[in-house]
Amino acid sequence: MGKVFFDYPYVILGKCECTKQNRIDSFQIEETSHGVTLKTGFTCDLCGKETEFASDISRESALNLSPDFNAYKIIPSIKDEVSLVRLDSFNARIKNNKLAFYGNYSNLRFFDDVIENLVIPISYRAVPLLKLK
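If you're matching positions, the sequence shown starts at 144 in our numbering and goes up one per residue.
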């Protein structure tokens, strides 16, 4: 069993039924015969409800985490300002025997009026380091 932590520039927020979003610092990871199991939980700051999350990621398909979590990227701006960018989706999959988190992001380029659709890998810190069999 291990844990993955999401550090700057990414923030992961868990969704509560009362519409409040609560910060998720880490996921617990358990390796299974068919992939891995992600587990986490939080207590809502507003309504006090405890929410537990557990889901399996198989080696064949990606897991969509968007219904339960929002992922944000913090982008430094000019004059000590920051910009929070919400990723359109938040997914996890096993790629090359390693756990990978990623999100889809779209933005409008003002200089040529084109909408870019990008897939952004979400970096994490694993304790202990994960190497799936």
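Cβ coordinates follow ideal geometry from the N, Cα and C atoms, glycine included.
- Counting only runs that start and end within the stretch 203-276, where is the beta strand (DSSP E) found for 3 or more residues in a row? Unbroken beta strand (DSSP E) stretches of 3 residues or longer found wholly inside the stretch 203-276: 212-219, 225-229, 234-238, 241-252, 257-265, 268-270, given in chain order.
- Query: Leaving out five residues before and five after residue 206 in sequence, what residues of the same chain have Cβ atoms less than 8 angstroms from its Cβ?
  - Reply: Position 63 of the sequence shown, counted from the start, is the residue given in the question as residue 206. Once the five neighbours on either side are set aside, the close Cβ partners of residue 206 are 181, 198, 199, 200, 234, 235, 236.
- When DSSP labels each residue in this structure, what does residue 163 get in the three-state scheme? Within the sequence shown, the letter at position 20 stands for residue 163. Coil at residue 163, not helix or strand.
- Task: Assign residue 191 to one of two classes, buried (16 or more other C-beta atoms within 10 Å of its C-beta) or exposed (fewer than that).
- Result: Residue mapping note: residue 191 aligns to position 48 of the sequence shown, counting from 1. Exposed, since its Cβ has fewer than 16 Cβ neighbours within 10 Å.
- Task: Could you tell me which of 221, 155, 238 sits nearest to residue 204, measuring between CA atoms?
- Result: Residue 204 sits at position 61 when you count from the first residue of the sequence shown. Comparing Cα positions, the closest option is 238.
- Query: In chain order, what residues of the same chain have a beta carbon less than 7 angstroms from the beta carbon of residue 259, not counting five sequence neighbours either side?
  - Reply: Taking the first residue of the sequence shown as 1, we reach residue 259 at position 116. These residues qualify, in order along the chain: 249, 250, 252.
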